[in-house]
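S.K.:
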Amino acid sequence: MVALAALARGSMEAQLHAAINNLTGHIQLHHAAYRDDPVIEHGIAPPSGELLKLLDGPEVEQWSPRIALPAVISSERESAGITLVGIDPGKERELSFIGSGVREGRYLEGVEDRGLLLGRKLADRLETRLGKRVVVMSQGADGELADRGFRVVGIFDAEMQQSETAYLFVGLKTAQKMLRIDNQISEIALRSDSHEGLEPLLSQLRSVSPDLEALDWQELQPMMKLMAGMIDAILVIWFVVVFLAMSFGLVNTLLMAVFERTREIGLLQALGMRPGLILLQVLIESLLLLSIGLLLGNGLAGLYIVWVGDGIDLSAFAEGMEMIGYAPVLYPSVRISDVVTANLLVVVLGILASLYPAWHAARTVPIEAINRS
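Numbering that gives the first Met the number 0 puts the first residue of the sequence shown at 0, with every later residue one more than the last.
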């Protein structure tokens, strides 16, 4: 059960990592209306003053400004609707998947880089490749059509394959020039040292920038929040159900042991052993069985986790799994709380399950027990 819990935890954490790494970050800052209507009019100014000081402080591990607007990309053969993302390549490298996702060609070299990064799936759909030129069109700041030709300088892979068809990346300044906006951005994404305990940082961000909407990953990805919150309850229910079934097996084992030793128990009572000591003897035997089981179970679970520590390769199902946020390699994740919960449940349910056989043994009538064939 500990090993299965580790795999369940690993699966959940892989999904959470993919969601946060997929441009979400731990916290995002936007114009209040941007999420409902991501248009150029709902942009914000780059951070300055107290906000910039906070973003550059120790509470924030990395942050990056972005332009993220709907656009259309056209190759010589096909067109597709996408999100145009203008980034600061240096900052974005440590923040999202794109920093390590380029598999062919090169990464963007600066905010004024004139190249374009394209997802592998989108490149296949557009029937284009590295070095080819494509045209990107979007709405400019003046309301007129803004378009520009780009050369594909990099092809990227993403943990979540839908990202390969949803986004294309260009330099931040290049995007601003194309859209005819001076120094405007769409959002600020940031990463803290942990995805937990973000409330103090959120409060500080909201206090220094009250005109902006500050949201953490749980608000940006509500389904992921729900799944992360359910995993603890699911594992506890799972443990209880399995160990209840185990307790019935323990009751059966102890009852058989008591029935097979009825004459022995009767003889011990005839020699003066009190019923309380008989009950204690059966309980001690059950604890010894539980201890041996715990040692073997924890040992086997540990060996299994070490064995699969380098990950379970699920690449045969990669496409289907990545569509729902699973990485093609599943890594186990062990929490001390899961190990303690499992072991405590075994001990508590084991003791409760052994009470009836122990009580039955303590009520044995010596004369009847000795005469039983």
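All residues carry an ideal CB built from backbone N, CA and C; glycine is no exception.
I'd like to know whether the C-beta atoms of ILE19 and LEU171 end up nearer to each other than 8 Å.
M.R.: Against a cut-off of 8 Å, the Cβ pair of LEU171 and ILE19 comes out as no contact.
S.K.: For PRO46, tell me which candidate among ARG34, VAL135, LEU204 has the shortest Cα-Cα distance.
M.R.: Ranking the options by Cα distance to PRO46, first place goes to LEU204.
S.K.: Look up PHE155 in the DSSP assignment and give the residues it is bridged to.
M.R.: DSSP, once it has assigned bridges, lists VAL101, GLY118 as partnering PHE155.
S.K.: To the nearest whole angstrom, what separates the beta carbons of SER206 and VAL133, a pair I think is in contact under 8 Å?
M.R.: SER206 to VAL133, Cβ: 43 Å. No contact.
S.K.: Assign ALA145 to one of two classes, buried (16 or more other C-beta atoms within 10 Å of its C-beta) or exposed (fewer than that).
M.R.: Buried is the call here.
S.K.: In this structure, what does DSSP give as the bridge partners for GLY80?
M.R.: According to DSSP, which records beta bridges pairwise, GLY80 is partnered with VAL71.
S.K.: Quick check: SER191 and HIS25, are their CB atoms within less than 8 Å of each other?
M.R.: The answer is yes: Cβ separation under 8 Å.
S.K.: With C-beta atoms as the reference, is ILE277 less than 8 Å away from ALA360?
M.R.: Going by C-beta atoms, ILE277 is nearer than 8 Å to ALA360.
S.K.: Relative to the alpha-carbon of LEU50, which residue among GLY153, PRO331, LEU189 has its alpha-carbon at the smallest distance?
M.R.: Nearest of GLY153, PRO331, LEU189 to LEU50, Cα basis: LEU189.
S.K.: Using the Cα positions of LEU294 and SER353, report the straight-line distance between them to the nearest angstrom.
M.R.: Rounded to whole angstroms, LEU294 to SER353 spans 19 Å at the Cα level.
S.K.: So, is ASP210 buried or exposed, given that buried needs 16 or more other C-beta atoms within 10 angstroms?
M.R.: Under this definition ASP210 is an exposed residue.
S.K.: Assign ASN182 to buried or exposed, taking buried as 16 or more other Cβ atoms, counted over all protein chains shown, within 10 Å of its Cβ.
M.R.: Exposed, by the Cβ-count rule.
S.K.: Kindly indicate which three-state DSSP category LEU107 falls into: helix, strand or coil?
M.R.: Coil.
S.K.: Rank ILE291, ARG334, PRO274 by C-alpha distance to the C-alpha of THR363 and give the top, closest one.
M.R.: Ranking ILE291, ARG334, PRO274 by Cα distance to THR363 puts PRO274 first.
S.K.: If GLY228 and SER162 are in contact, beta carbons under 8 Å, what's the gap, nearest whole angstrom?
M.R.: Their Cβ separation, rounded to whole angstroms, is 25 Å, which puts GLY228 and SER162 out of contact at 8 Å.
S.K.: Spatial neighbours of GLU58 within its chain, please: C-beta separation below 6 Å, excluding the five flanking residues on both sides.
M.R.: If we look at GLU58 and ignore the five residues flanking it on each side, its Cβ neighbours are LEU200.
S.K.: Is HIS30 helix, strand or coil when you go by DSSP?
M.R.: It is a strand residue.
S.K.: Can the beta-carbon of SER185 be found closer than 8 Å to that of GLY42?
M.R.: Contact: yes.
S.K.: Quick one: is ASN251 buried, meaning 16 or more other Cβ sit within 10 Å of its Cβ, or exposed?
M.R.: When all chains shown are included, ASN251 counts as exposed.
S.K.: Our contact map puts LEU289 next to GLY349 with C-beta atoms below 8 Å; I'd like the distance itself, whole angstroms only.
M.R.: Right, their Cβ atoms sit about 4 Å apart.
S.K.: So, for GLU60: in the same chain, excluding its five sequence neighbours on each side, which residues have a beta-carbon less than 7 Å away from its beta-carbon?
M.R.: Here the set comprises ARG190, SER191, ASP192.
S.K.: Determine the closest residue to GLN217 out of LEU234, ALA256, ALA232, GLU198, with distance taken between C-alpha atoms.
M.R.: The shortest C-alpha separation from GLN217 is found at GLU198.
S.K.: Checking the sheet assignment: what are the DSSP bridge partners for ILE311?
M.R.: Paired residue(s): LEU329.
S.K.: Could you check what DSSP says for ILE187 in three-state terms: helix, strand or coil?
M.R.: DSSP places ILE187 in strand when its eight states are reduced to three.
S.K.: What number of angstroms, rounded off, separates the C-alpha of SER99 from the C-alpha of ARG92?
M.R.: Each residue's Cα considered, the two are about 7 Å apart.
S.K.: Can you tell which of LYS224, ILE369, ALA269 has the C-alpha that lies nearest to the C-alpha of GLU259?
M.R.: That would be ILE369, whose Cα lies nearest to the Cα of GLU259.
S.K.: Which class does GLU212 belong to by DSSP, given the choice of helix, strand or coil?
M.R.: Reduced to three states, the DSSP call for GLU212 is strand.
S.K.: What does a CB cutoff of less than 7 Å around LEU234 pick up in its chain, not counting 5 residues either side in sequence?
M.R.: Excluding residues within five positions, the ones whose Cβ falls inside 7 Å are ALA4, ALA7, ASP337.
S.K.: Quick one: residues in its chain with C-beta nearer than 7 Å to the C-beta of ALA300, no 5 flanking neighbours on either side, listed in chain order?
M.R.: Correct list, in chain order: VAL1, ALA2.
S.K.: Name the DSSP bridge partner or partners of PHE149?
M.R.: According to DSSP, PHE149 bridges with VAL133.
S.K.: Would you grab the beta carbon distance between VAL281 and LEU243 for me? Rounded to a whole angstrom, and I think it's under 8 Å.
M.R.: No, VAL281 and LEU243 are not in contact; Cβ-Cβ is about 20 Å, not under 8 Å.
S.K.: To the nearest angstrom, report how far apart ILE154 and SER78 are at their CA atoms.
M.R.: Approximately 17 Å, taken between the alpha carbons.
S.K.: Mapping the DSSP letters down to three states, classify GLY85 as helix, strand or coil.
M.R.: Residue state, collapsed to three classes: strand.
S.K.: Apart from the five residues on each side of it in sequence, which residues of its chain come closer than 8 Å, Cβ to Cβ, to MET255?
M.R.: Cβ within range, chain order: n/a, list empty.
S.K.: Please report how far the alpha carbon of ASP35 lies from the alpha carbon of VAL346, in whole angstroms.
M.R.: Distance between the alpha carbons of ASP35 and VAL346: 52 Å.
S.K.: Any idea what DSSP makes of GLY170, helix, strand or coil?
M.R.: In the structure shown, GLY170 sits in a strand (DSSP, three-state: E or B).
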